[in-house]
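The block underneath contains the structure these notes are about, expressed in structure tokens.
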């Protein structure tokens, strides 16, 4: 099992912070900011994990997750969704769409690392 993540996030500061954090932890990170082409990027990259913002230009994170779950071979891909909206309804919609884990912004570096490591470990046991 590798350590490759695709990060779909349209806020440059968050992208750079997460990229730096994960690369320092030994991950290779492909960052992308456009929701409209995110599913293609994920399919082509074949990552071990996806970190996905809920609100993106072009297509929402929920739509992206639904589409990814319909792609052969990506049904079990771990998806960590990031959002500034932490309402229970958003969390429930994300879980129904197929999100593996949900994290509300702002978050600490430790929270992101713990979530990524946990998801990667769980996927390795599957």
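In full-length UniProt numbering, the protein residues as written are 1 to 126.
Virtual Cβ for every residue (Gly too), placed ideally from N, Cα, C.
- Annotated as distal: residue 12 and residue 36, with beta-carbon spacing of 9 Å or more.
- If you compare the alpha carbons of 52, 26, 8 with that of residue 99, the shortest gap goes to 52.
- Judged by DSSP secondary structure, residue 20 falls within the alpha helix (DSSP H) whose first and last residues are 12-24.
- Shown here, residue 94 sits in a helix according to DSSP, grouped into three states.
- DSSP places residue 39 in the helix class (H, G or I) of the three-state scheme.
- If you draw a straight line from the Cα of residue 6 to the Cα of residue 89, it is about 26 Å long.
- Beta-bridge partners assigned by DSSP to residue 4: 28.
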